[in-house]
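S.K.: So that you can map any letter, position 102 of the sequence shown is 102 in the numbering used here, and since no number is skipped, the others follow by simple counting.
C-beta: ideal position from N, C-alpha, C; glycine also.
Nothing here was measured: the structure is a model prediction, and the numbers come from that model.
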Amino acid sequence: MLKRLRLRSKLLVFLACIILPIALAWGCSSTLPSKQSSLSSNQTSTEATSLNSEAITLATGIAKDIIAACPIADPGDDNARNLCADKLSRLESLRNAMAKEVVWGAQKEAGKYALKENHTTSFDPLVWRRTYLSTFMFSGEPRVEQKDNLTIVHLPVQFRNKLDAGAFPYPFWHSHRKWTSYQQAKEIMLIMKDGEIKGALRSADKDTQRPLVEREWDGQWSWKNISGQQEPRVVLYQYLFSASNPHVKKLDATYRAFEVEMRQHSCDICHSPHNANEMNPLLILNYPNQALTLRHETLRQIKEKLMPPPNGIQDEAELGKIVKLAEEFAKVGDQALAYEGEKSVKAEKIKSSNAS
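(1) From L319 to S344, what distance separates their C-alpha atoms?
(2) On the premise that A167 lies in contact with R81, defined as a C-beta separation below 8 Å, what is that separation, rounded to the nearest angstrom?
(3) On the CB-based measure, 16 or more other CB atoms within 10 Å of its CB, does A243 come out buried or exposed?
(4) Consult DSSP for K206 and reduce its assignment to one of helix, strand or coil.
(5) For M98, name the three-state secondary structure that DSSP assigns.
(6) Quick check on the DSSP output: the beta strand (DSSP E) that includes E144 runs from which residue to which?
(7) Got a sec? Which residues, its chain only, sit under 8 Å from I313 by beta carbon, not counting five neighbours each side?
(8) Within the same chain, show all residues whose beta-carbon is closer than 8 Å to that of Y237, passing over the 5 residues directly before and after it, in chain order.
(9) Let me check one thing: in DSSP terms, what residues is H119 bridge-paired to?
(10) Could you pull the start and end residues of the alpha helix (DSSP H) that Q183 belongs to?
(11) If you check the beta carbons only, do I72 and T151 fall under 8 Å apart?
(12) Where K178 and F172 are concerned, what is the direct C-alpha to C-alpha distance, given to the nearest angstrom?
(13) Which residues mark the beginning and the end of the beta strand (DSSP E) in which F258 is found?
(14) For V323, does the three-state DSSP call read helix, strand or coil?
(15) Out of A68, L285 and N161, state which residue places its alpha-carbon closest to the alpha-carbon of R215.
(16) Looking at the unbroken beta strand (DSSP E) that takes in E187, where does it start and where does it end?
(17) Would you check if the segment 176–191 and the segment 206–214 touch, i.e. whether three or more CB-CB distances between them fall below 8 Å?
(18) Short of 7 Å in beta carbon distance, which residues of its chain neighbour L115, apart from the five on each side in sequence? Order them along the chain.
(19) Which residue wins for smallest C-alpha separation from G219, given the options D78, Y170, V332 and D86?
(20) Closest to F375 by C-alpha separation, out of R295, H119 and Q107, would be which residue?
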């Protein structure tokens with residue numbers, strides 16, 4: 001009996017020595033994923049906070065640079081506007097943060113920041129900031145908010161509504177609603193995602209007390225002034241590019257040759273800011289700088305016989321001729337923009353609607 005008890009005791013001790021460590025190890029390992037998950041969650045939260053902080057810092061810095069570049073002046077002061085345009089063209093913090101293509105337009109309603117929910121048109125970044133953004137003056141402090149994975153930079157603005165007609169990218173007053181939007185918008189909002197400016201909007205929030213300058217459109221998108229100079233002058237390559245750019249003369253010549261062929265196919269009737277056919281995307285081709293913006297997209301659509309509608313150019317000899325002109329225009333356009341330090345862009349299907 002005693003021997004049996006001793007044997008049983010030894011057996012229990014033996015089993016305890018084997019099973020207990022295994023059980024303890026199992027129990028500890030079962031709690032490990034929870035700890036790792038907690039650590040991972042905390043790490044992700046810390047990284048997200050860091051990224052948000054970096055985005056806000058970047059956005060605030062860009063906004064302050066813009067405000068400093070284009071202070072409030074007389075709304076009819078052309079020299080102040082040109083100085084602003086020069087500074088915005090060279091403003092590295094802004095240029096480096098811009099996507100290869102940006103969109104610009106009017107916000108449909110307050111609180112809507114997603115660019116696809118608003119009426120926008122695609123632009124080359126240099127064309128937008130030199131020709132469009134420079135029509136505004138800035139003051140006060142910027143405000144930055146984050147919503148739906150976007151960083152929104154609110155810039156208080158005043159519009160240069162007393163400039164002469166040729167100083168605007170095109171006659172905004174062809175539409176009373178558009179002209180009012182430019183004049184009374186309280187803010188311009190830069191829309192950023194992943195550290196890049198994807199576009200900008202004129203705020204739906206308006207100051208209706210701001211005085212309006214009334215203008216009547218005569219139906220002409222282009223004209224010549226009393227000196228015989230082509231207007232609007234700000235759409236010309238001589239205005240867009242620096243005086244030292246060696247590609248400007250050739251670019252202008254290639255655009256003019258391309259434009260003549262486009263006119264033969266009535267492209268200028270549809271491709272104007274009025275957007276009578278409600279094209280989406282809208283390609284503005286009746287101005288040199290706007291045509292430059294969409295040089296690769298235009299080439300793509302001609303090659304794929306998407307323009308002119310409905311079936312493109314059917315005559316193969318004529319198609320080959322205009323494709324060659326479009327290719328040369330796109331190539332020289334790339335060279336001119338590269339000289340200015342701008343980002344290159346490839347042909348893509350651009351989603352936009354309504355001239356902005």
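M.R.: To lay it out plainly:
(1) One Cα belongs to L319, the other to S344, and the distance between them is close to 26 Å.
(2) R81 to A167, Cβ: 6 Å. Contact.
(3) Exposed, because fewer than 16 other Cβ atoms sit within 10 Å of the Cβ of A243.
(4) Collapsing the DSSP output to three states places K206 in a strand.
(5) Shown here, M98 sits in a strand according to DSSP, grouped into three states.
(6) The sequence as given places Val at residue 144; Glu does not occur at that position. Annotation for V144: the continuous beta strand (DSSP E) segment containing it runs R143 to K147.
(7) Once the five neighbours on either side are set aside, the close Cβ partners of I313 are H265, I302, K305, L319 and I322.
(8) Listed in chain order, the non-local C-beta contacts of Y237 below 8 Å within the same chain comprise V248, L251, D252, Y255, P288, N289, L292 and A336, local neighbours out to five positions each way being set aside.
(9) DSSP output for H119 lists A106 as bridge partner(s).
(10) Segment H176 to Q184, the alpha helix (DSSP H) holding Q183.
(11) No, the Cβ-Cβ distance between I72 and T151 is not below 8 Å.
(12) When rounded, the distance between both Cα atoms is 6 Å.
(13) From DSSP, F258 is part of no beta strand (DSSP E) but of the alpha helix (DSSP H) over V248 to Q264.
(14) Of the three classes helix, strand and coil, the one that applies to V323 here is helix, per DSSP.
(15) Nearest to R215 by C-alpha distance, out of A68, L285 and N161, is N161.
(16) Unbroken beta strand (DSSP E) run through E187: E187 to K193.
(17) Three or more Cβ pairs closer than 8 Å define a contact, and the segment 206–214 meets that threshold against the segment 176–191.
(18) Closer than 7 Å at the Cβ level, and outside the excluded window around L115, lie V103, I191, K198 and G199.
(19) By alpha-carbon distance to G219, the top candidate from D78, Y170, V332 and D86 is Y170.
(20) This structure gives no information on residue 375, because the portion of the chain shown stretches from 1 to 356.
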